[in-house]
């Protein structure tokens, strides 16, 4: 293998495993002889073009658009002498203008990329040099795979580094990944096991790693020492390019991927391109225009043929070709077809696509500048990531929402805990105020040292403090952060609330506790006082639990990959050796930490997780003396958990397991093997986790409150009034979800709630527990059968309910609650149709305990089966797939990092912003763009003027309007007003749209831009062009008018007709409207007059010299303009007036209300809403009780271990 | 305060423009509001219509077809293309005074001067007097750029080639003697055509400029001899030539031949018998065309055209009628804005 051979390089890069070695032994050799020469360097180039090849490459890129090819084809056609309609050079102008504008935009973007690349490539960094025996200063672009790079605190990592050494004695390095994923909490990376005295020159192992990929959370690699010993390493030892090193003095790493192969670069995709629904429909209409154009050209060709045929001889005006011959009529007709295409090409709107892009830029400007969508707390605006789907916001029919962090704050407050079956409640407060009895209980347990290690209360809090991945940092650490974090907030608040705690603690004479909270023992390092600790958690739950433990005196002081330091209420610091951390995943729904107790030397496994993920793993009683009670504890705890869930709290179970030495040894071997594996590593690692997490003993449970965000119920009510169905997809328990559902008015008290769940109480074999399906293969069939019949039955019932004449308006008052297991069945290919049919009839669907994959499945199924516009909103990594599956994905930048925001099309900071974003901006964007596009098609149909003229010129393809003026007509005179119209028109005020959400319905489904509206406007254009041509024709009939003098009033008339047509459509005239409209008129006259004054012999055959000037001196010109414009616009005007008077749409009514003064208007809006509200609520009170067969839970299959219950839950409070 | 502003650096500007709260005029299109507008427009249109109609009525027009298709027509003998240099006389009488300056037009029907290839077939540079284009006419003139001997044709192109070449002389018959009624052929073309667009080469005599060129195939006289009576009316600035070069927009058109505004006829054509002597040269039967002559006086609105007046009257009355319809609609579907209940 040599580097000079391109093919071998290619092969080396594409191998599944890469063998990397240190560059140091080869330093100074030429590049081809180096072992890592196959891999690209660290210099990056994100530019698309090079200076020399810009023009060909950019043109090639632009010709991917079909429209551009079409117009270039037409321009080329114009160079064929027999068919040309205009001067060939002039025909090139429009397409050249469009192409060069786009090229200019591309070039400026590329130049910006080039500048940022150059800046990055020249960033200084430290690379080890053997010659110098030290790290020397070089640039990022000099870094190569196999180099040793040193990164100091607050510096950015230049390439993907395998961490070999850090300044931290415990071998960790803290990094902030906000550049990559936006998450602002610190993450720990640990160095590859090695001696602390690391020397780059003595590194003689081979690093074997996988092919580069874009997964930021996975990395597989092992280091093979010369003695063939393999040590595995994962993402926890990889410093990613773009991260910032924090809280660590320096770190040294081995470059594994450089430049474009780094994970950060592989993740760095450009902006996403989505095609909006409107645009898809628009394309079919463009095809209609093409068909129309061809029909017109065919008529022209045929007409020319017939006209020539009918001539009795050779008239003097027929020009023969150079040889004096005349083409036969059929050949002339054939040529005429192409001439007509050139002549009438404007029928296909060339500037439509460019104009739409401009309009969307303007719309996005207004969305992002809306002060109501700005969140003061985080100082963040709404972000538009997808630039071309703004109008989709106005057409949403289904919203799929996450619960945690989206509907709720995701600011967790520790509210309740249940320890060994006893319940302790806490007040609602940002900082945990310890419960007195529980404090006493702890101090009692602590004082009786004999029971200390087995007292479940102590274990419970140790579990709280240990079983997490919270990183401790010192609050005074010099980290500049713009965004708030939980830690800072909480620390601050704690200071404020501290005095009452002190009083309470001292008042109760709990000296031990007070001491531990407020008087830390002197032996501590000053930096490590509990007061200035700050906890950085990946999920806010964890931080809440650690803060709760701290409130009870169990303070997490430090965490390294190998140890956890916890201070007990007694003030004693315990250092637990962490043997392993079994991280959380969505399949297991639990996490565990295996530690070695420093005093008892026992191996202890603390596990926490969702109750259903824990309860079935419980085994033997906790301790001998509690025997017999264990069952009760589990039952009591479950009872408490259900209660928590009903209150809408998030629940977690805590367990403990003592692992014997022998069991640990054998497990540990498996674990190491799994970790070093390259293939199937994730599965193997998870398998080992499942192996250990058995026979757990229950300690207790916690209930964490997650408050609803402000204005959530109002927002949901408004969205529902707007005709949008809101579904909630959550990983939480059914009870929690239902409760939140009631709290945010997703479910109403008088709703019928259908609860679908398979009572999955069966203890599953461990091997099956990994599968998402809820049953083993054999019983699945039985269950599915039962489910199918149940689904049919419910569907029938719902249908009957909705068809009942007494329930005419109440179809939507049925709600469906379904859990993840049942959903899996419901979404199976043979049942999904029925399920969707059922869901369609329900007002709300709540899906609980669903996995991220299921979320996206639900969205996809609903979107495809019902063919509706969907919107998904979420804040966490688990919502990413759903956000990507929906037509419009909205990310909420909240507590759980930025993954959802990165994947989204729009990012907002609060759920309530959805209301204005959809109801106001969505509505505006949609109506504006839809009207603009319809207008654009209409405007281009003005070319029909030329078509009518063909009937009077022997279908010879004559244009009676100067070609330059025709170009200007589209390019300057009439292009700005519709763009302004698309950006700024306001049919109804924002207050009105928010006050009467019902108005949103106008955009749903097919909306305003339909087949009908398109053809109506095309017909109108035909009518208007007929009028604009034939009134002047009749007026100038039999006169001595010449071709272009006849064309000038035609051009002027159609110009005024087009502008006044727009004026009829404009709903609100602001200063900008006036300026642009009058400006366009002025521009038309100034340019045309100037052109007519300058152009003496230019642009034959038209010679527009002094024509307009002459016309403007003739009163006939004005009289003609007035009457023609009036006749052309009268039908449309009358249509609008009569429709608005006789059958006004809700929008027209709203516009009427808009004209009233604010107080009267508010009153009217209220009346309007209540009028609708009553119509919806009233009949539901009259509704029949549902059929008795479904009232009680039904057991379909008595012998089946599953129970399937569907109940009508009619709640009248 | 300063600190707060800094903290919210991302906060959008709270201006009427960015918040889309610019004061706006929101016209409502509904029956009640448009009634006065309709009435006003209707009345104004009726007024204009009446004025136009009356003006148009006052214009006198006299038209004669002299193609000679009909055997009784005086020019029937000339309609055979084989007959050369045929002259025919058209006699007519006028009952009352033809008021004002009388415009004399010739008219052609079914003649497509607006045919695309015909329209292109000229050389503007040549016509502006550029001598290089005398020697090498532009390609656009093909096949009328060079004759069969490869001599350049000046003026080249199909338009010039097909110039109308009938000539007219009008006589008033007073007591059996023919008195010539003079046509004023000056200023019948556009001022800009005569003075700016079309130029003769600045060579005197003009004839020399045309050395080594040939006249258009259909022409009987070269360009510099178009008007033997007035040397200034020759070459490219011959008025009749200019009128012909301004191509008609529609297949049935008339072109100005001269005005009658001199001597005894300055006040118009008095009643009496007239004879029009026509030098019949231009063949039109090959394309089923017709030739005519038109006498007409003009008003401020140009020639006689009753269409516009009628159109104004019709649209005006329609607007008035619509306003009555609107009144009914308004009474029936009144917007109850006052009582505030939307809809019905």
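Protein chains in written order, with this note's numbering: chain E, 20 to 1232; chain R, 707 to 1050.
Here a beta-carbon is modelled for each residue, glycine too, at the ideal position from N, C-alpha and C.
- Assigned with DSSP and collapsed to three states, residue 954(E) falls in helix.
- Contact check between the segment 923-941 of chain R and the segment 874-889 of chain R: fewer than three CB pairs, one atom from each, fall below 8 Å, which does not count as touching.
- Unbroken alpha helix (DSSP H) stretches of 4 residues or longer found wholly inside the segment 596-636 of chain E: 630-634, given in chain order.
- Residue 838(R) counts as exposed, since fewer than 16 other beta carbons sit within 10 angstroms of its beta carbon.
- Note on residue 852(E): under 16 other CB atoms within 10 angstroms of its CB, so exposed under the neighbour-count rule.
- In this structure, the beta-carbon distance from residue 975(R) to residue 804(R) falls below 7 Å.
- Annotated three-state conformation of residue 228(E) is strand, per DSSP.
- Contact annotation: residue 853(R) and residue 949(R) have beta-carbon atoms that are not nearer than 7 Å.
- Beta bridge pairing from DSSP links residue 433(E) with 723(E).
- Taking a Cβ-Cβ threshold of 9 Å, the residues of chain R close to residue 1053(E) are 1011, 1013, 1014, 1017, in chain order.
- Using a CB distance below 7 Å, the part of the segment 852-874 of chain R facing chain E consists of 864, 868, ordered along the chain.
- DSSP links residue 323(E) through a beta bridge to no other residue.
- Under a criterion of Cβ atoms nearer than 7 Å, the residues of chain E adjacent to residue 736(R) are, in order, 1156, 1159, 1160.
- When rounded, the separation of the alpha-carbon atoms in residue 936(E) and residue 375(E) is 20 Å.
- Within the segment 816-838 of chain R, contact with chain E at the beta-carbon level (separation under 9 Å) is assigned to 816, 817, 818, 819, 820, 821, 822, 823, 824, 825, 826, 827, 828, 829, 830, 831, 833, 834.
- CA-CA distance, residue 895(E) to residue 1092(E), rounds to 43 Å.
- Here residue 455(E) carries a helix assignment [DSSP, helix/strand/coil].
- Close CB contacts of residue 279(E) within its chain, under the 7 Å cut and outside five residues either way in sequence, are with 59, 63 (chain order).
- Contact annotation: in the segment 331-355 of chain E, residues whose CB is within less than 8 Å of a CB in chain R are 331, 332, 333, 334, 335, 336, 337, 338, 339, 340, 341, 342, 343.
- Annotation: Cβ neighbours of residue 717(R) in chain E (cutoff 9 Å, chain order): 390, 393, 395, 398, 400.
- Residue 1171(E) sits in a helix when the DSSP states are folded into three classes.
- At a cut-off of 7 Å between C-beta atoms, residue 972(E) counts as an interface residue with respect to chain R.
- Across the structure, residue 154(E) and residue 211(E) are spaced so that their CA atoms are roughly 20 Å apart.
- By the beta-carbon neighbour count (other beta carbons within 10 angstroms, threshold 16), residue 658(E) is exposed.
- Here the C-alpha atom of residue 1017(R) lies approximately 56 Å from the C-alpha atom of residue 884(E).
- In this chain, residue 710(E) is not harboured by any beta strand (DSSP E); it is covered by the alpha helix (DSSP H) spanning 700-711.
- By alpha-carbon distance to residue 780(R), the top candidate from 796(R), 789(R), 767(R), 765(R) is 796(R).
- Taking a C-beta distance under 7 Å as the contact criterion, residue 901(E) and residue 859(E) do not qualify as a contact pair.
- With at least 16 other beta carbons inside 10 angstroms of its own, residue 944(E) counts as buried.
- Two segments are said to touch when three or more pairs of C-beta atoms, one from each, lie closer than 8 Å; by this definition the segment 1030-1046 of chain E does not touch the segment 1057-1071 of chain E.
- Annotation for residue 129(E): the continuous alpha helix (DSSP H) segment containing it runs 112-140.
- Sixteen is the threshold: when 16 or more other Cβ atoms of the shown chains lie within 10 Å of the Cβ of residue 37(E), as they do, the residue is buried.
- For residue 903(R), the neighbours in chain E by C-beta distance under 8 Å run, in chain order, 1115, 1116, 1122, 1124.
- Beta-bridge pairing by DSSP links residue 855(R) to no other residue.
- If you draw a straight line from the Cα of residue 256(E) to the Cα of residue 583(E), it comes to about 19 Å.
- With a 10 Å radius around the Cβ and a threshold of 16 neighbouring Cβ atoms, residue 230(E) comes out exposed.
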